[in-house]
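Residue numbers (this note's numbering): -19 to 142. Glycine included, C-beta positions come from ideal geometry on N, C-alpha and C. Since this is a predicted model, take the numbers as computed values, not measurements. The structure appears below as structure tokens.
Listed below in structure tokens is the structure:
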């Protein structure tokens, strides 16, 4: 919000601005915190208004961080990626080649996506969001490393022939 805005609650134009920390729950993710964000507080009613500059770029960076994380995607992260592509659940499901109920179960954490489904979600997001080549290459490395580690785990768990 710029300094000439009106309070969405009372219509007042009297705001006090400060730079502060903001727990960015609006992203749909519990673990996103922003620092040095301008927060306006209405002097008349106390309403707080957070100004997030370059929000499109911020959402893109959050998406990239999710893509590159080394652990499995959780439901909130899958929902974030889908919504960041501006896709309805049935559209996303169609892209992935799964039923919309499956995506809903993943997002609501009633079911965990398989490793291959997790990879498919990441690769679909990277393709649809037109992620930069550097990030795509890092994603490829992560996926290859995961595949190698999985293969090693498989062979280590095989019983020895006697």
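Coil, strand or helix - residue i by DSSP
{"i": "residue -5", "result": "strand"}
{"i": "residue 9", "result": "coil"}
{"i": "residue 14", "result": "strand"}
{"i": "residue 0", "result": "strand"}
{"i": "residue 58", "result": "helix"}
{"i": "residue 53", "result": "coil"}
{"i": "residue -11", "result": "coil"}
{"i": "residue 63", "result": "helix"}
{"i": "residue 114", "result": "helix"}
Contacting residues, own chain, Cβ-Cβ under 6 Å from residue i (five flanking each side not counted)
{"i": "residue -12", "result": "none"}
{"i": "residue 21", "result": "-4, 28"}
Contact set for residue i: own chain, Cβ-Cβ below 7 Å, skip 5 residues either direction
{"i": "residue 100", "result": "76"}
{"i": "residue 105", "result": "43, 47, 61, 65"}
{"i": "residue 0", "result": "17, 19"}
{"i": "residue 118", "result": "48"}
Straight-line Cα distance separating residue j from residue i
{"i": "residue 39", "j": "residue 4", "result": "11 Å"}
{"i": "residue 14", "j": "residue 41", "result": "13 Å"}
{"i": "residue 123", "j": "residue 49", "result": "11 Å"}
{"i": "residue 88", "j": "residue 6", "result": "17 Å"}
{"i": "residue 52", "j": "residue -3", "result": "39 Å"}
{"i": "residue -10", "j": "residue 25", "result": "7 Å"}
{"i": "residue 125", "j": "residue 79", "result": "29 Å"}
{"i": "residue 23", "j": "residue -8", "result": "8 Å"}
{"i": "residue 120", "j": "residue 112", "result": "12 Å"}
{"i": "residue 35", "j": "residue 95", "result": "31 Å"}
{"i": "residue 103", "j": "residue -6", "result": "47 Å"}
{"i": "residue 10", "j": "residue 54", "result": "11 Å"}
{"i": "residue 32", "j": "residue 2", "result": "10 Å"}
{"i": "residue 91", "j": "residue 74", "result": "18 Å"}
{"i": "residue 93", "j": "residue 67", "result": "19 Å"}
Cβ-Cβ distance between residue i and residue j below 8 Å
{"i": "residue 97", "j": "residue 64", "result": "no"}
{"i": "residue 72", "j": "residue 81", "result": "no"}
{"i": "residue 56", "j": "residue -15", "result": "no"}
{"i": "residue 58", "j": "residue 86", "result": "yes"}
Sequence-distant residues of its chain with Cβ nearer than 8 Å to residue i (five each side left out)
{"i": "residue 115", "result": "44, 47, 48, 106"}
Check: residue i C-beta below 7 Å from any heavy atom of the ligand MN
{"i": "residue -15", "result": "Of ligands this structure carries none, so the ligand MN is not represented either."}
### Query
Residue ranges of each beta strand (DSSP E) run of no fewer than 3 residues wholly in the stretch 16 to 46, ordered along the chain?
28 to 31, all fully within the stretch 16 to 46.
### Message
Which runs of the alpha helix (DSSP H) at least 4 residues long sit entirely within the stretch 65 to 105? Give them in chain order.
### Response
If only uninterrupted alpha helix (DSSP H) runs of at least 4 residues are considered, those enclosed by the stretch 65 to 105 are 69 to 76, 80 to 87.
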